[in-house]
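One structure is given below, encoded as C-alpha cells.
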Amino acid sequence: MESSRGNIGWVFLLMAILLAVMLFSLAVGAVEIPIRRIFYLLTENCESPERAILLKVRLPRIFLGLGVGGGLAISGVILQGMLRNPLVEPYTLGISGGAALGVCLNIVLGGSAILGSLSTPLSGFLGALGVIFFVYTISSSRGGMRLSRLLLIGVMVSFMASSLIMLVMALSETRDLHGIIFWIMGSLEEPNPWLIKTALFVSVFGAVISFIYSADLNALSLGEEEAFHLGVRVERMKRIIFVIASVVTGCCVAVSGVIGFIGLVVPHLMRLLVGGDHRILVVASFISGAAFLILCDTVARIIIAPMELPVGVITGLVGGVLFIYALSRKDYSF
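So that you can map any letter, position 285 of the sequence shown is 330 in the working numbering, and since no number is skipped, the others follow by simple counting.
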C-alpha cells in the first residue's frame, strides 16, 4: 500500500514538472517573456507582439509536444509490455520508416502542389498505415498474432524502408533533399491547428485505451499462458495494443517527423522511478514523455537563437545519455 501511494506521489510530482516545463517553454526564446506577464497576456485580450508569439508560436508547439511526446512514450510502454522486450520502441515495427518513405515520395513527386500543406502529414500517415497493415497481415495466422514474427517482420520492414529512403534521396534534387532531411530530423513547428488538435486527441485517446488494458499488460508480463488462465483474452488484447500503438505512432510521426528515443528511453526511466505496474507506468510515461519533448524542443529553440536545431537532435543526444544511465543502475530490471 505504501509503495502504491509513493508511486502515485511520483505521478503528481511529474505533473508539477510538466507544468513547470510548459511555463519555461512559454517564457524563453528569441524574445523572453516574464512569467507574470505570460498570465496577463493569456487572460487579457490585448494587441501585443508578445501575445502573438505566445498564441501563434509557443503554445501550439507546447500542445503538439504534449501530444507527440506523450503518444510516443505510451506506444513504447505498451509495445514493450506486449512483446516483453526492453529494446522495442514504436519505430521498431517499421512505422516511422513507412511514414518517412511516404513523405519522401510526396516531396519528390510534388504532392504539395495538389494538397498544399496537408500533403506532408497525409502522405506520412498513409505510409505508416501501409506498413501497419502489411506487418499485421504477415505476422498474423490462424493461431493468432505471433509476437516473435511481428517483431522480426517489423525490423525487416524498417530496414527496407530505410534503404528505399536512401534511394529516393540519392535520386532527388538538392531542393527536395533539404526538405527530406529537415523532416526526418523532426520538428514541432506545425502551423496547422487542426493537425495539432488531431495529434493531441489521438495521443490522449491512445493513453486512455492503454490505461484500460494496463491490468492485462501486467498479467501478460507473466507469459501468455498465465495471462490466459487469469482471464485475459490474450489475442484480442494483442491486436488492440498493436493497433493503438501503431496508429498513435503513425499520427505523431506524420505531424512532427521522426523524433527518436522518446518511446525507448522514457518507459525505462519511468520503470526505474515508479516500478513495472502498468497502471501507474502508463500515466507516468505519458506525462514524462510530454515534459521531455517540450523541454528538448525549448532547448532546440534557444541554444543557437534566433536559429533553431531540429528537436530530434536534442532528443537523441539527451535520450542516449539517460538510457545509458538507466541501464547502468544496479537496481534496474525490466
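Don't be surprised by glycine CBs; every beta carbon is placed ideally from N, CA and C.
Given the structure is predicted, the values throughout are model-derived calculations rather than measurements.
Going by beta carbons, Gly142 and Val202 fall inside the 8 Å limit. A buried status is given to Leu86, since no fewer than 16 other beta-carbon atoms sit within 10 Å of its beta-carbon. Within its own chain, the residues whose Cβ lies closer than 8 Å to the Cβ of Arg324, once the five positions on either side in sequence are excluded, are Phe256, Ser259, Ala260, Asn263, listed in chain order. Looking from the CA of Phe108, the closest CA among Ser217, Gly364, Leu265, Leu340 belongs to Leu340. Distance check between Gly199 and each of Val311, Ile210, Ile183, Leu209 places Ile183 closest, using alpha-carbon atoms only. Burial state of Leu338 is buried, judged by a 10 Å Cβ sphere holding 16 or more other Cβ atoms. Inclusion of Ala206 and Gly302 in the CB contact set at 8 Å is not warranted, their separation being larger than that value. In the three-state reduction of the DSSP assignment, Gly139 falls in the coil class. In terms of Cβ geometry, Val249 and Ile304 do not form a close pair [threshold 8 Å]. As the crow flies, the alpha-carbon of Leu326 is around 31 Å from that of Ile347. Per DSSP, Cys91 lies in no alpha helix (DSSP H) segment and is marked neither H nor E. Taking all protein chains shown into account, Asn90 has fewer than 16 neighbouring C-beta atoms within 10 Å of its C-beta and is therefore exposed. Secondary structure note for Pro312: its alpha helix (DSSP H) is the uninterrupted segment 307-319.
Here the alpha carbon of Val113 sits roughly 18 Å from the alpha carbon of Ile286. Three or more Cβ pairs drawn from the region 159-178 and the region 278-296 lie within less than 8 Å of each other, which places the two stretches in contact. Annotated as proximal: Ile210 and Ala145, with beta-carbon spacing under 8 Å. In this structure, the beta-carbon distance from Lys242 to Met127 does not fall below 8 Å. The alpha-carbon separation between Ala244 and Gly251 amounts to approximately 11 Å. By the CB criterion at 8 Å, Gly110 and Ala345 fall outside the cutoff. Taking C-beta separations shorter than 7 Å and ignoring five residues to either side along the sequence, the partners of Arg191 in its chain run Ser184, following chain order. Under DSSP, Met190 forms a beta bridge with Ser185. In its chain, beyond the 5 residues on either side, Leu124, Leu196, Gly199, Val200, Ser203 have a beta carbon closer than 8 Å to the beta carbon of Thr137.
Around the C-beta of Ser232, 16 or more other C-beta atoms lie within 10 Å, and the residue is accordingly described as buried. By the neighbour-count criterion, in which a residue is buried when 16 or more other Cβ atoms sit within 10 angstroms of its Cβ, Thr88 is exposed. Nearest to Val56 by alpha-carbon distance, out of Leu216, Ala272, Gly320, Leu71, is Gly320. Within the model, the alpha-carbon separation for Leu100 versus Arg278 is close to 46 Å. Gly116 and Ile152 have their C-alpha atoms spaced approximately 26 Å apart.
With 16 or more neighbouring CB atoms inside 10 Å of its own CB, Gly172 falls in the buried class. Under the three-state reduction of DSSP, Arg103 is assigned to helix.
Sequence-distant Cβ neighbours of Ile80 in its own chain, meaning closer than 7 Å and more than five residues away, are Leu68, Ala72. Annotation for Ser301: the continuous alpha helix (DSSP H) segment containing it runs 279-301.
Between the alpha carbons of Ser70 and Glu271 lies a gap of roughly 46 Å.
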